[in-house]
Each structure stands twice: as structure tokens, then as C-alpha cells.
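The number in the working numbering is simply the position in the sequence shown, starting from 1, with 186 added. Glycine is no exception: its CB is placed at the ideal position from the N, C-alpha and C atoms. Everything below concerns the one structure shown next.
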Amino acid sequence: MRGSIAIWHDTLADDANGYAPRVEVHINIWKGERRSAKRRFHLLDIGFRFQEMRSLRTLSISLPFEIQSDHIFDLFDVMHDSSTLSAIFNETLSAGEVQENGKTFAALNEPKKVQFYVSRCSRDDRSLTTIGKGGDAGSVIMLRDQFFDRMRAKIGDQYIRLRIRVPFHIMNGFVSEVDAKDSAFLSTISTSEIVEFRLNERRNFSAAILERLSGGADLIDVSAVHYFLIRDMTVEMTQSHTGFKKMRRLEPEIWERYLRDEPQFNAQNMIIYHWSSVAPPQSTVDSFTALATFRAYYTGRLWIYALVVVALGAMGSASQAGLAALVGMLWEIKDPWQAAAVNAAIFFFLVFLLFFIVRFGRRWSNPLEWVIGFFSARR
């Protein structure tokens, strides 16, 4: 991810003093795998637990890549389930009755005490615009003032959660992949993957975002960031910029509902990694970065691999036949036994040559230069 996600807000001028908006941010990145052939995308789930919102007019989430409106989904209905709610927050919670014409419900703990309220963020409550141009172009999701006017009617923390489907190989996305250079010749491809997430990293903001912030908008106070990266368990983590808080295997029985509309993700075979940053009570998390690298193995394009094998076999047969014919003409070999001996000798020579190249070829960056130097040294 070359850029950074930025979260800024506009406040109600008359009520802003002493009531700076404050939020806890939850990020889930579900890394899609290549074997998902039909629907190729990653998932970015972003949740906000608003702890202070009396002066909050609008909230803007800037992404360093472009998306379309049909890539954004509200997860209110998915969250209205006690098992799913408990899985998301990793504590025992139950979902109360839906109120206000299907727009909110309470999340309750064991004694049935309200922990926070979950609100629906429909299409009418948000807008999507493009910011920047060219390689710096991104998308801004803005939660409108009417949405916060409705949420302010209830006292207590408020929570919303959105899902963004990020297409594979999108420019400036949070996933980068590096294939082996000879991947076309392999039946199994080893790929190095980098998953990088940045939040409110000013040095990675585009010029358009910096201009917006200098025009009066402010980055929202973030009390904590909880970042979860979910990967297929067959993928191996090779390094991380810092140690993660915990790692565990997903419990399929309580995550199936959460992934019910995402058939390419199988909770049975997934590992979740958790990074976090929590600010002291009177402080904020100014920025957050998490980077991890992985080694993944995928099945290559077998039809290309088969064509390469057939082509190499044909080339080998043609080379052997050509050498045998040339030797036969030079030495005027007509006896079948002698011709068979020549064919066998050429075969073993080619096998030895292939072994020599595979065994020792990587020691020299320029094999031709080594051969010239070898014979020059013996003059």
C-alpha cells in the first residue's frame, strides 16, 4: 500500500469545544487466495466504535485506491446475531431487539447490560467520491450528518461496520505479490506476498488529502486500533514489522454467518493475526502501520506447463536426432548397431550436460564468460 487510509471529520461549530470526536477503529483484512477463480477480491472490513460524537457532523474515510459504490456493504444484518457479535468482539455478547424501524439494536453483555448500540449505515447515509488524480487517485466514503443526527438520539457508545470488496491487483491496494520469474515453467508457483496496512500516516497522504486537511478538516481522535489479518492456514508468514498480539485459528461454527455472502473464504481453514495499538485515556493513536510478508504456494497454469513440457521434449528429440544425423554423415555410419551406439552416446551426453547446468549453473552469473575464462586460463 503506497498510500494510507485517512479518517477525518467535520464538527458542529457551536458544540465542538470540549467534545472532540473520539473513536475506536477495528480493521479486518481477509486476504483472498488465487484458487478462488470466479470472484477474485480481498475484503476490508472497517468498524467504528464512537465514544464521543456530540460534536460530530460528518466522518470521511479516504482509501488510497479507487472503488465503486457496489463494492461497499453495511454489515448490520450480519452482526444481528449473538454468536457473530461475540466472534467479532472476542467476548460474550448478545444481540438485542432491532429498534427504530430496523436501524439499531443493542449489544448486551452477560447481565444484559447495554455495552453499545449497533447502527445501520444504509446507502442514503453515506456517499462515495473520488479524490486526487492519476496514480494518487483514491476514494472517499463520507458518512453524512443525517446519520450522526440519528445516532446522537441514544446515549452511549455507537458502533457501525462496513465491508469493502477490493478487487485483486488494484493499484495502491494493501496486497503486493511477487511471482517467481520462471513461473510459466512450474506446475507449483512460490509467491512472495506483502500485506501492508497504514492508518493516518501523514507522510503517505496524497496532495489532495493534505489540501483537504489544511482546509479545515481534522483527523479524528483515535483511542485504539485493532487490526486483524486473516489468511489461509496453508500460507506461511515469513516476517512481520513487529510482533503481533496473538494468533489463533478461526472457529468455523461462529464465523460462518459472518462469511455467508463470501463463498471464496472458508473459515475452517483460516488463521487470524491480531495487531493493536491502544492510547492512554487522555491521548490518541496518531498513526498505525502493520506489515507482514508471507510465502504462498499456488498451482500454476497446468496447460501452459504441459505445453512447455511437450515443447522441451520435442526440442530434445529434435536435437538428438539432428546430432545423430550429423555424426552419421561425418563418419559415414551405416551399421544399425553403430547408429544405436551414437544415439545412446548423444543421449547420455545431453543428460550429463543438463545435470551440469542444473548442478553448477547458479554459481556463475554469466556462464559464457566463465567458459571463455576457463579456456583462456589453459592457454
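Here residue 232 really is in contact with residue 213; their C-beta atoms are around 6 Å apart, less than 8 Å. With a minimum length of 4 residues, the unbroken runs of alpha helix (DSSP H) contained wholly in the region 241 to 329 fall at 262 to 265 and 268 to 275. Annotated three-state conformation of residue 450 is coil, per DSSP. Looking at 230, 291 and 453, the one whose alpha-carbon comes closest to that of residue 436 is 453. Annotation: residue 259 to residue 474 spans about 24 Å, alpha carbon to alpha carbon. Distance from residue 393 to residue 322 at the Cβ level is roughly 7 Å; contact confirmed, criterion being Cβ atoms closer than 8 Å. Cα atoms of residue 324 and residue 387: separation of roughly 15 Å, rounded to the nearest angstrom. Between residue 301 and residue 293, the CB-CB gap stays under 8 Å.
Residue 337 has its alpha-carbon roughly 21 Å from the corresponding atom of residue 403. In this structure, residue 314 and residue 255 form a Cβ contact; the two beta carbons are roughly 5 Å apart against a cut-off of 8 Å.
By the Cβ test, the region 341 to 361 is in contact with the region 233 to 246, since at least three Cβ pairs between them sit closer than 8 Å. Ranking 334, 295 and 281 by CA distance to the CA of residue 307 puts 334 first. Remark: C-beta atoms of residue 457 and residue 419 approach each other more closely than 8 Å. The criterion of a C-beta distance shorter than 8 Å is not satisfied by residue 190 and residue 348.
Annotated as proximal: residue 440 and residue 269, with beta-carbon spacing under 8 Å. As computed with DSSP, residue 432 is found in a beta bridge with 460.
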